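To start, the structure under review is shown below, and the notes come after it.
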Amino acid sequence: GIDGPLAIFRSDYDGRMYWAEGSSFAIRYVDDAGNIQTFAGDPSYIPGVDYPGAGHVADGTYAANSFALNVKGGLVQDTDGNFYFTTTRHQLRRISADGTQIETLAGIFDSPGYTGDNLEGTSSRLSSPAGLAMDLDGTILIADQGNGLIRRYDPNTGMLTDVAGVPGEFNYNGNYMEVN
Numbered sequence: 091g092i093d094g095p096l097a098i099f100r101s102d103y104d105g106r107m108y109w110a111e112g113s114s115f116a117i118r119y120v121d122d123a124g125n126i127q128t129f130a131g132d133p134s135y136i137p138g139v140d141y142p143g144a145g146h147v148a149d150g151t152y153a154a155n156s157f158a159l160n161v162k163g164g165l166v167q168d169t170d171g172n173f174y175f176t177t178t179r180h181q182l183r184r185i186s187a188d189g190t191q192i193e194t195l196a197g198i199f200d201s202p203g204y205t206g207d208n209l210e211g212t213s214s215r216l217s218s219p220a221g222l223a224m225d226l227d228g229t230i231l232i233a234d235q236g237n238g239l240i241r242r243y244d245p246n247t248g249m250l251t252d253v254a255g256v257p258g259e260f261n262y263n264g265n266y267m268e269v270n
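Just add 90 to the spot in the sequence shown (first one is 1) and you have this note's numbering.
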């Protein structure tokens, strides 16, 4: 079955329907025969028992489906088939199109906060990043919930910039306000 579905989309890369399963620590899809399959992650993972780090895997190369993912709710795919997702560990991560390479692009593991604007993604902090959107140029927009920001990650430069909001200000101040 499906356990705790979060983000969902239909892929422009291969036409399949993909979703993130927060409770199953995986990215799953429906194959051409109509069966649910696991693209990356390990739905049989038991937190704190099977792997150290409660679903976090270090950057590197792995056999597909040999690791658990801490998927938060954001999930997008680029035109090369790579997946980008947000984690419960305050990060933006990428999995290669073949499901074997994983890397952190922004955020510091288990270190929520805000370190500033226009910084290298891996030197920047995120706080409870959630939803993602990908622009036509491959730029990724991040809903940085804990900081009250919309942020942009540029995969070509690795830079993380603020797009809208003021860090730490969570109140509604009316329409027609300046972006930041």
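All C-beta atoms in this analysis are idealised placements derived from N, C-alpha and C, irrespective of residue type, glycine included.
Only a predicted model underlies this, so the values are computations on that prediction, with no experimental measurement involved.
message = Going by beta-carbon coordinates alone, are L182 and G228 separated by less than 8 Å?
response = no
ask   = Is G211 helix, strand or coil when you go by DSSP?
value = helix
query = In its own chain, which residues sit with a C-beta less than 6 Å from the C-beta of R106, not counting the 5 before and 5 after it?
reply = Y119
query = In terms of alpha-carbon separation, which member of I198, D121, Y243, G248 lies closest to A148?
reply = I198
ask   = Can you name, in chain order, every residue of its own chain whose Cβ lies under 8 Å from the Cβ of P257, other than the five neighbours on each side?
value = Y204, N237, G238, L239
ask   = Identify the residues that DSSP records as bridge partners of F175: which are they?
value = F175 pairs with L165, R183.
query = So the beta strand (DSSP E) R100 belongs to, where does it begin and stop?
reply = 95–100
L250 - containing beta strand (DSSP E), residue span = 249–254
For G105, the three-state DSSP class (helix, strand or coil) = coil
key: Rounded separation between R100 and E259 - CA only   = Roughly 34 Å between the two C-alpha positions.
ask   = Roughly how many angstroms separate the alpha carbons of Q167 and Q235, rounded to a whole number?
value = 21 Å
task = Closer than 6 Å by C-beta to I98: which residues in its own chain qualify, once you throw out the five before and the five after it? Chain order, please.
result = W109
request  = With distances taken Cα to Cα, identify the nearest neighbour of T128 among G112, T151, N155.
outcome  = N155
message = Is the separation between the beta-carbon of Y174 and that of I126 shorter than 8 Å?
response = no
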